[in-house]
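The structure under discussion appears below in the form of structure tokens.
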Amino acid sequence: IAGITQAPTSQILAAGRRMTLRCTQDMRHNAMYWYRQDLGLGLRLIHYSNTAGTTGKGEVPDGYSVSRANTDDFPLTLASAVPSQTSVYFCASSPEGHYGYTFGSGTRLTVV
Amino acid sequence: AQKITQTQPGMFVQEKEAVTLDCTYDTSDPSYGLFWYKQPSSGEMIFLIYQGSYDQQNATEGRYSLNFQKARKSANLVISASQLGDSAMYFCAMKDSGAGSYQLTFGKGTKLSVIP
């Protein structure tokens, strides 16, 4: 089934640890995104990539990094996790310039 | 800068009644798209409806319709004949059409509860 796969589904992480959230899509969409969802704040953009090899900062990029080595994968890395990064993380993708966004099922991350 | 405002943190509606979820937006881009997503308690983001800024008619998808008032910069979601399964979080989002800008900007959401 075409779509976005995120892993892990959930994770409890000790503060200070490094963590990579994985996101893979099989739709050959050019653009990919990482959002975090916090209660009362909606979804906020962390980083995005309009095409393989390029990335950009969103609204809340601090403490996160991304890479886009190929079209399909867009991992999000927390170099040194802090409790404020406790959130639900959504990966999404879209064809360039098209409105058809697809979301992954999310990763629930708890930093303790 | 884009901005999406959803002023209703929570709403209640009687089953089988219609409900309107409010959304206002702010953008200086003349070309943009407006979206509504549903997020049930299971957590997935479900696309409901899309309205382009140049679309002449309001978008409709089954029981969902978008009341688009461009001059007022509002894009309210109307759900007709509410069902218990409509209980969820609803997010309004916008994408402008600037070069190289594809990301969605979301509002804070409205939690809809359908009462039997």
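Chains as they are written, first to last, in the numbering used here: chain A, 50 to 161; chain B, 1177 to 1292.
We put the CB at the ideal spot given by N, CA and C, even for glycine.
Cα-Cα separation between Thr27(A) and Ala128(A), rounded to whole angstroms:
With chain A covering only 50 through 161, there is no way to say anything about residue 27(A).
Which residues in the same chain have their Cβ closer than 6 Å to the Cβ of Phe1211(B), if we skip the five residues on either side of it in sequence?
Reading the second sequence from its first residue, position 35 is the one you call residue 1211(B). Around Phe1211(B), the same chain offers Tyr1226, Ala1269 as residues with beta carbons nearer than 6 Å, after the five sequence neighbours per side are excluded.
Determine, using beta carbons only, whether Arg67(A) comes closer than 9 Å to chain B.
Taking the first sequence and counting its residues from 1, one reaches residue 67(A) at position 18. Output row for Arg67(A): interface = no.
With 16 other Cβ atoms within 10 Å as the buried cut-off, status of Asp1262(B):
Working through the second sequence from its first residue, we reach residue 1262(B) at position 86. Buried.
Measuring only the C-alpha atoms, how far is Lys1287(B) from Phe1223(B)?
The residue labelled residue 1287(B) in the question sits at position 111 within the second sequence. The residue labelled residue 1223(B) in the question sits at position 47 within the second sequence. Rounded to whole angstroms, Lys1287(B) to Phe1223(B) spans 16 Å at the Cα level.
Kindly indicate if chain B contains any beta-carbon less than 9 Å away from that of Gly102(A).
Translated into positions along the first sequence, residue 102(A) becomes position 53. Contact with chain B is absent for Gly102(A), since none of that chain's Cβ atoms lies less than 9 Å from the residue's Cβ.
With a Cβ-Cβ cutoff of 9 Å, do Ala1251(B) and Leu1260(B) count as a contact?
Within the second sequence, numbered from 1, the residue matching residue 1251(B) stands at position 75. Within the second sequence, numbered from 1, the residue matching residue 1260(B) stands at position 84. No, they are not a contact pair.
Among His78(A), Thr126(A), Gln55(A), nearest to Asn99(A) - alpha-carbon criterion
The residue labelled residue 99(A) in the question sits at position 50 within the first sequence. Of the residues His78(A), Thr126(A), Gln55(A), the one whose Cα lies closest to the Cα of Asn99(A) is His78(A).
is_contact[Thr1281(B), chain A] using C-beta, thresh 9 Å:
For the purposes of this step, residue 1281(B) is identified with residue 105 of the second sequence, where counting begins at 1. Yes, because at least one Cβ of chain A sits closer than 9 Å to the Cβ of Thr1281(B).
Any beta carbon of chain A sitting closer than 9 Å to that of Gly1219(B)?
Counting from 1 along the second sequence, the entry for residue 1219(B) is found at position 43. It does: the Cβ of Gly1219(B) has a partner Cβ on chain A nearer than 9 Å.
Of all the CB atoms in chain B, is at least one closer than 9 Å to the CB of Val137(A)?
Counted from its first residue, the first sequence places residue 137(A) at position 88. Yes, its Cβ sits closer than 9 Å to a Cβ of chain B.
State the CB to CB distance for the pair Leu88(A) and Leu125(A), rounded to an integer number of angstroms; the pair is presumed to be in contact (CB under 8 Å).
Counted from its first residue, the first sequence places residue 88(A) at position 39. Counted from its first residue, the first sequence places residue 125(A) at position 76. About 20 Å separates the two Cβ atoms, so there is no contact after all.
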